[in-house]
Amino acid sequence: MPERESHKTGRVRVVSSPGAVRFAVRVQPRAARTELVGVHGDALKIRVTAPPVEGAANAELVAFLAKQLGVPKSAVHVRRGARGRDKLVEVEGISEDQVHALYG
16 MPERESHKTG RVRVVSSPGA VRFAVRVQPR AARTELVGVH GDALKIRVTA PPVEGAANAE
76 LVAFLAKQLG VPKSAVHVRR GARGRDKLVE VEGISEDQVH ALYG
């Protein structure tokens, strides 16, 4: 099946494919607490307390998104940007609306 893109102003760009969605995340490591800050461009901005060392920030990001979206950690994957702040995340078993509900 073809992928479907959602383009809406002021919202996170979400790409749907059968059984999963992909969206961009901007991560700020070494924050005071792990939290969703809002939207940065067309990406979710998330602060994590972990440092960007040996995958610690990515692991914390995966755990945070899994908890917020109500899916197991095994359903959340960092597909691009494992070594940078800008990442492409894929989550299995959710809809575009669930991603948009994260930030209101």
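Each residue of the sequence shown is one higher than the one before, starting from 16 at the first, in the working numbering. Note that CB positions come from ideal geometry on N, CA and C, so glycine has one too.
{"Query": "CA-CA distance, V30 and K60?", "Result": "17 Å"}
{"Query": "Using a Cβ-based criterion (distance less than 6 Å to any ligand heavy atom), does A58 qualify as near the ligand ADP?", "Result": "No copy of the ligand ADP appears in this structure; indeed no ligand is present at all."}
{"Query": "Quick check: the segment 101-109 against the segment 24-44, are there 3 or more CB pairs under 8 Å?", "Result": "yes"}
{"Query": "E75: buried (16+ other C-beta within 10 angstroms of its C-beta) or exposed?", "Result": "buried"}
{"Query": "Terminal residues of the continuous beta strand (DSSP E) containing V40?", "Result": "35-43"}
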